[in-house]
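Line order of the protein sequences matches chains B and F. Numbering-wise, the first sequence is residues 1437 to 1658 according to the working numbering. Numbering-wise, the second sequence is residues 1437 to 1658 according to the working numbering. Glycine included, each C-beta is placed from N, C-alpha and C at the ideal position. Below is one structure; the comments refer to it alone.
Protein chains: 2
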Amino acid sequence: MQQTTEQNIKVAVDTAVFTIADNHLAVLLVQMKQEPYVDLWAMPGGLITQEETTEDAALRMLREQTGVTDVYIEQLRTFDSPQRDALHRVVSVAYIALVPSADVTLQTTDKYKAVQWWDTGKLPPLAYDHPRMIDKAIRRLRAKVTYSNIVWSVLPETFTLSELQHVYEVILGKPIDKRNFRKKILSVGIVESTRQKQAAAAHRPAELYRFTHRLLKYIDIL
Amino acid sequence: MQQTTEQNIKVAVDTAVFTIADNHLAVLLVQMKQEPYVDLWAMPGGLITQEETTEDAALRMLREQTGVTDVYIEQLRTFDSPQRDALHRVVSVAYIALVPSADVTLQTTDKYKAVQWWDTGKLPPLAYDHPRMIDKAIRRLRAKVTYSNIVWSVLPETFTLSELQHVYEVILGKPIDKRNFRKKILSVGIVESTRQKQAAAAHRPAELYRFTHRLLKYIDIL
DNA sequence: ACAAAAGTGTTGTTACTACACCCATGG
DNA sequence: CCATGGGTGTAGTAACAACACTTTTGT
């Protein structure tokens, strides 16, 4: 239900892009050039255009600002404190994205001083209300991996069960029992064996698996 | 991260207000007067003002349009299809509210033809993208009652366990075993006995309970 | 032969489901 | 004394948690 009133509010999107880097959960940030936020870091984002959806805007900005293309993305929530941006009233729709670390060829644009992955445990000083956004994004991500199959979006086409387990351990931030994990993950049927083995490694080669569906499915996992 | 661009977008809120009416889950709707939506029904809502948050706006509109005041409210998600409103580009932040049925003294304002509760199983023709919003709201509500204590917001200060069970049955749309329900609900400790009995009824009087906390808590319930 | 990760079962405990009868009160 | 909803326990089943050793490969 809408009525007409005077209003001059801008609509933006901001995206928390996550990946798995070695042994930590990493988030993609850009370092700003403009006042009043010079040198602070922020999530990639910006104002939407008149005709695009917020999701399309988020995808476009990821492409333009970071070179990231094939991503899983979902809406997190909208942040709308009147003071969240120092210059204008800006309502921001926050998104979460997950990318396979391999995919990421970071672009450095002249709009920012830098574009970089940051360990979520050691974040730099952040602009706007981005600390809170990132906190909410991590909570949602942790919850969601336990009742859906979204981890497909950080893994390559084929992978070993140990790699899969490692992804869960990094996102949840705690160790998982190997035998229980394998039993559970196989029983819920989100992955299937390729009947192929990992290429040469200095140890017994692992069997390679793939996801049965590379689409969001809701299933109790951990 | 924001940059300046030409943009003329309005920001609105829409709230799905739920209550328990007899044996069904009911949602509060207003019947519209303006073109092009004459006679269609919609959730209470409207444009936010320059200085208020979307949550404050949602609460204000509930007060103004329906007389509803003491409510539990939470953000659902933002709906932003460019075509969702026929006249302007309007991005709407949708909220869910829960009210005790007793509280509700519906106001009829001259802005609408009518304000009325509707059984969620038999909804009238709806304006905008409100069918989808209501569908999402019901799903979220069903999920949330199973892992939080939010049902406190539809019950009076004291209540019987049968009344509590009835609320769950209506929201979830399925019967629940009485003995298992009581065992579980008492074990998670979200309610406590008042050591008082229900006033005269034509049957054995039930013990009255109250919620230990009338704030959102996350606990596995059903 | 050694290092390094892969792979595999069992047992105890806890939570969930299904199910039927007696109790207290008002009319 | 009858109708109405209130209140209670148990047994079988399924899910979860804890735990250690053998296998396969490369060097």
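Could you name the residues of the same chain whose beta carbon sits closer than 8 Å to that of residue i, not counting the 5 residues immediately before and after it, in chain order?
i         : result
F/Ala1457 : Ser1537, Trp1553 and Asp1555
B/Ser1584 : Leu1652, Lys1653, Tyr1654, Ile1655 and Ile1657
F/Ser1517 : Asp1565
F/Leu1562 : Leu1465, Leu1476, Trp1477, Ala1478 and Ile1570
B/Lys1633 : Pro1641, Ala1642, Glu1643 and Leu1644
B/His1460 : Asp1555, Thr1556, Gly1557 and Val1606
F/Glu1514 : Here residue 1514 of chain F turns out to be Thr, not Glu, going by the sequence shown. So the list reads Val1527, Ser1528, Val1529 and Ala1530, once near-sequence residues are dropped.
F/Ala1635 : Pro1641
F/Ile1520 : It should be noted that the sequence gives Arg, not Ile, for residue 1520 of chain F. Excluding sequence neighbours, F/Arg1520 sits near Val1526, Ser1528, Tyr1564 and Asp1565.
B/Glu1488 : Arg1496
F/Pro1567 : Leu1559
F/His1639 : none
B/Ala1637 : none
Assuming the contact rule is C-beta atoms closer than 8 Å, residue i and residue j should be a hit. Round their C-beta distance to whole Å, please.
i         : j         : result
B/Val1627 : B/Tyr1604 : Not really, about 12 Å apart at Cβ, beyond 8 Å.
B/Val1535 : B/Val1581 : Incorrect: roughly 15 Å between the Cβ atoms, too far for contact.
F/Thr1490 : F/Val1449 : 5 Å
F/Met1497 : F/Tyr1548 : That pair is no contact at about 12 Å.
F/Ala1494 : F/Ala1573 : At roughly 13 Å, the Cβ-Cβ gap does not stay under 8 Å, so F/Ala1494 and F/Ala1573 are not in contact.
B/Thr1596 : B/Gly1625 : Between B/Gly1625 and B/Thr1596 the Cβ distance is about 18 Å, and since that is not below 8 Å, they are no contact.
B/Asn1444 : F/Gln1486 : 7 Å
B/Lys1446 : B/Arg1525 : 7 Å
B/Leu1600 : B/Leu1608 : Contact doesn't hold; Cβ gap of about 13 Å is too wide.
B/Val1662 : B/Thr1455 : The requested residue 1662 of chain B is not part of the displayed model; chain B covers only 1437 to 1658.
Name the chain F residues whose beta carbon is nearer than 8 Å to that of residue i?
i         : result
B/Gln1511 : Arg1513 and Thr1514
B/Val1606 : Within 8 Å Cβ-Cβ: nothing; B/Val1606 doesn't reach chain F, min ~23 Å.
B/Val1535 : Correct list: empty, because the minimum Cβ distance to chain F is about 18 Å.
On the DSSP bridge list, what partners appear for residue i?
i         : result
F/Trp1477 : F/Gln1467 and F/Leu1562
F/Ala1521 : For clarity, residue 1521 of chain F is Asp in the given sequence; the question names Ala instead. BP columns for F/Asp1521 are empty, so no partner.
B/Gln1632 : B/Leu1644
F/Gly1482 : F/Val1449
F/Phe1387 : This structure cannot speak to residue 1387 of chain F, because chain F is shown only from 1437 to 1658.
F/Tyr1531 : F/Thr1451 and F/Gln1511
B/Thr1596 : B/Leu1644
F/Ile1456 : F/Leu1461
B/Ala1550 : B/Gln1467
F/Asp1555 : F/Ala1462
F/Tyr1654 : F/Ser1584
B/Val1627 : B/Phe1647
B/Val1526 : B/Lys1446
In its own chain, which residues sit with a C-beta less than 7 Å from the C-beta of residue i, not counting the 5 before and 5 after it?
i         : result
F/Pro1611 : Glu1605
F/Thr1440 : In this prediction, F/Thr1440 has a pLDDT of 47, which is less than 50 and means its spatial position is unreliable; nothing more can be read from the coordinates.
B/Pro1472 : Ala1522
B/Arg1618 : Leu1597
B/Asp1578 : Before going on, a small fix: residue 1578 of chain B reads as Arg here, not Asp. So the qualifying residues of the chain are Ile1607 and Leu1608.
Note down, in chain order, every chain B residue with its Cβ under 7 Å from the Cβ of residue i.
i         : result
F/Glu1487 : Pro1518
Between which residues of its own chain and residue i is the CB-CB distance below 6 Å, once the five residues before and five after are set aside?
i         : result
F/Thr1594 : Thr1630, Leu1644 and Arg1646
F/Val1551 : Val1466, Thr1502, Leu1542 and Thr1544
B/Gln1438 : The predicted position of B/Gln1438 is uncertain, since its pLDDT is 45 and thus under 50; a value taken from the coordinates is nonetheless stated next. None.
B/Val1507 : Ala1533 and Val1535
F/Arg1650 : Trp1588
F/Glu1510 : Ile1532
F/Leu1483 : Lys1446 and Ala1448
F/Leu1559 : none
List the residues of chain F that residue i touches, going by C-beta distances under 7 Å, in chain order.
i         : result
B/Arg1525 : Gln1486
Which residues in chain F sit within 9 Å of residue i, going by Cβ to Cβ distance?
i         : result
B/Thr1490 : Thr1514, Asp1516 and Val1527
Hey, is residue i close to the ligand FMN, as in C-beta under 7 Å from one of its heavy atoms?
i         : result
B/Gln1443 : The ligand content of the structure shown is nil, which means the ligand FMN is not present either.
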